[in-house]
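Residue numbers -30 to -1, 1 to 298, in mature numbering (1 follows the signal peptide of the UniProt record, and there is no 0), belong to the letters of the sequence shown in order.
Glycine included, C-beta positions come from ideal geometry on N, C-alpha and C.
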Amino acid sequence: MSTLSNMSRALRLAAAGFLALGLVNGAASSAELTKLRVSTIPIADTASFEVARQKGFFAAEGLEIDTTPTSGGAVGIPALMSGQLQIAYSNVVSIVLAASQGLDLVIVAAADETGDAPPDLAGLVTKPGAGFKDGKALEGKRIAVNSRNNIIWLYTREWIAKTGGDPNKVNYIEVPFPQMTDAVLQGRVDAAMLVEPFLSGGLNSKQLETVGWPYSTVQKRLPVSQFATTRAYAEANPEILEKFRRALAKATDWTNANIQSDEFLGILSGYTKAPVERIKAATMPIFVTTVDPASVEFVASLMKRHGILRNEVDAAALIHPAVRVSRK
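This is how it looks when you write it as structure tokens:
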């Protein structure tokens, strides 16, 4: 089945799921607030968004945020395109892929990036003593990813190639992030590309050990995730999106300044369901407010290399001018 067919099928399934959850009816509970339906994922990457929501930064801008957890951009983007959402949180790979397939998206706010060197907010892990130290050793093995054709899948494949392996000789098994540690320990997969706050918990408890750090090994300051909407919605609602960005920027500043505070740890623990003690040891992403077109172009080049991007994407045009900043 083609990738576009997969996206179309996901759109139908997502629409049905959102209807079943009753997320498409009803107006804002308060006449003074503009309601936005936004998809999210309960991982560390979305912390600044949760801070904005829980500390009232969105409400202060006149926005009521109706959050919908998803497993990733492969679900959130189809729901966005079918009108079930106004804004979708997604990894950058899923956004670029959707745009290449003709979906008229625009990145309207930034979320997070990686740093320049390990440890990262995501890591390739396995059981202690498994002996997997490079991509060659993983040929013929099973690696857990939360979704195919996304950032986790892509950077795992590129790391395997860069360390001497053939990524086409690896089996990629879709497993939700919270279930990955158990999948490794129970032998259902041989390794997993795991994110925070789950990653540090497994490493610090000695249940897991690191195989490699695909993110920073492949790309420094990787633009991991963003918030996207349809171009039609962006053009029709510039003031609403400016309010969204303003609240998120305030939350980003607060998060970066309070990342070790009890209040922040409590917020992160609350929506991820991870214990505070585990979160204290986690590697946090860099929360940002801008996106560099050159970094997105590099992501697109990897997507071409691994066969999931067949059409050109204008990285600069994909990023809203309010968040598009070149760092050259």
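Express the C-alpha separation of residue j and residue i in angstroms, rounding to a whole number.
| i | j | result |
| --- | --- | --- |
| Trp183 | Trp129 | 8 angstroms |
| Asn(-6) | Ala80 | Model confidence at Asn(-6) stands at a pLDDT of 40, short of 50, so the residue's coordinates are unreliable; what they give is reported in the following sentence. Cα-Cα distance, rounded: 28 angstroms. |
| Met51 | Ala153 | 33 angstroms |
| Ile210 | Gly99 | 52 angstroms |
| Phe19 | Ala87 | 25 angstroms |
| Gln24 | Phe234 | 10 angstroms |
| Lys5 | Ser296 | 32 angstroms |
| Ala227 | Gly85 | 17 angstroms |
| Leu173 | Leu288 | 37 angstroms |
| Glu179 | Val159 | 14 angstroms |
| Tyr125 | Ser239 | 27 angstroms |
| Ala44 | Val283 | 18 angstroms |
| Ser231 | Ala29 | 23 angstroms |
| Leu(-12) | Gln54 | Because Leu(-12) sits at a pLDDT of 43, beneath the cut-off of 50, its placement in the model cannot be relied upon, and the following sentence gives the value as read from the coordinates. When rounded, the distance between both Cα atoms is 8 angstroms. |
| residue 355 | Asn207 | Residue 355 is absent from the structure shown; the chain starts at -30 and stops at 298. |
| Gly26 | Ile249 | 23 angstroms |
| Gln196 | Asp82 | 7 angstroms |
| Asn119 | Ile237 | 30 angstroms |
| Phe257 | Arg215 | 13 angstroms |
| Ala264 | Ala285 | 8 angstroms |
| Ala131 | Pro137 | 6 angstroms |
| Ser186 | Val266 | 15 angstroms |
| Ile11 | Met273 | 23 angstroms |
| Gly72 | Ile278 | 14 angstroms |
| Ile143 | Ala68 | 22 angstroms |
| Lys176 | Thr40 | 29 angstroms |
| Pro291 | Asp74 | 16 angstroms |
| Leu164 | Ala251 | 15 angstroms |
| Lys103 | Arg201 | 44 angstroms |
| Ser271 | Lys190 | 15 angstroms |
| Ser(-2) | Lys97 | Low per-residue confidence applies at Ser(-2): pLDDT is 45, beneath 50, and the placement is therefore not dependable enough to give any value. |
| Pro148 | Gly171 | 11 angstroms |
| Gly(-9) | Ala217 | Model confidence at Gly(-9) stands at a pLDDT of 42, short of 50, so the residue's coordinates are unreliable and nothing is read from them. |
| Ser117 | Lys220 | 31 angstroms |
What span of residues does the beta strand (DSSP E) with residue i cover, start to end?
| i | result |
| --- | --- |
| Val181 | Glu179 to Gly182 |
| Asn174 | Taken as a continuous stretch (DSSP letters only), Asn174 belongs to no beta strand (DSSP E), being part of the alpha helix (DSSP H) at Phe168 to Asn174. |
| Phe197 | Ser195 to Thr200 |
| Glu144 | Asn141 to Glu144 |
| Leu164 | Ala161 to Val165 |
The alpha helix (DSSP H) that contains residue i, what's its start and end?
| i | result |
| --- | --- |
| Ser239 | Asp232 to Thr242 |
| Met273 | Pro263 to Arg275 |
| Val246 | Val246 to Lys250 |
| Glu209 | Pro208 to Ala227 |
| Val154 | Met150 to Leu155 |
Can you check which of these residues, the options, is closest to residue i by C-alpha distance?
| i | options | result |
| --- | --- | --- |
| Lys111 | Ile121, Gly135 and Asn119 | Gly135 |
| Thr242 | Ala286, Val66 and Pro146 | Pro146 |
| Leu169 | Gly105, Thr253 and Asn120 | Thr253 |
| Leu192 | Lys274, Val269 and Glu34 | Val269 |
| Glu34 | Val188, Ala17, Gln56 and Arg127 | Gln56 |
| Leu229 | Pro12, Ala17, Leu164 and Lys103 | Correcting the residue identity first, residue 229 is Ile in this sequence and not Leu. That would be Ala17, whose Cα lies nearest to the Cα of Ile229. |
| Asp36 | Arg7, Pro12 and Ile11 | Arg7 |
| Val188 | Trp123, Ile278 and Ala219 | Trp123 |
| Pro194 | Leu73, Thr40, Asp90 and Asp74 | Rather than Pro, the amino acid found at residue 194 in this sequence is Val. Selected option, being the one with the closest Cα: Asp90. |
| Ala244 | Pro167, Ser175 and His276 | Pro167 |
| Arg275 | Val165, Arg127, Leu164 and Ala202 | Arg127 |
Inspect the beta-carbon positions of residue i and residue j and report whether they are closer than 8 angstroms.
| i | j | result |
| --- | --- | --- |
| Glu2 | Lys213 | no |
| Pro255 | Ala49 | no |
| Thr38 | Ser64 | no |
| Val76 | Ala204 | yes |
| Ala198 | Val78 | yes |
| Val293 | Val261 | yes |
| Ala58 | Gly46 | yes |
| Val181 | Leu94 | yes |
| Val62 | Glu109 | no |
| Glu105 | Thr151 | It is worth fixing the name first, because residue 105 is Gly in this sequence and not Glu. No, the Cβ-Cβ distance between Gly105 and Thr151 is not below 8 angstroms. |
| Gly101 | Ala92 | no |
| Thr225 | Thr259 | no |
| Ser70 | Arg280 | yes |
| Ile121 | Ala162 | no |
Counting contacts by CB-CB distance shorter than 8 angstroms, is residue i in contact with chain C?
| i | result |
| --- | --- |
| Ile11 | No chain C appears in the structure shown, which is made up of a single protein chain. |
- Along the chain, which unbroken stretches of the beta strand (DSSP E) at least 3 residues long are found entirely within the segment 8 to 76? Considered as a whole, the segment 8 to 76 harbours 33 to 39 and 57 to 61 as its complete beta strand (DSSP E) runs of no fewer than 3 residues, in chain order.
- In the segment 78 to 139, which residue ranges form an unbroken alpha helix (DSSP H) of at least 4 residues, counting only runs that do not cross its ends? Within the segment 78 to 139, the complete alpha helix (DSSP H) runs of at least 4 residues are 121 to 132.
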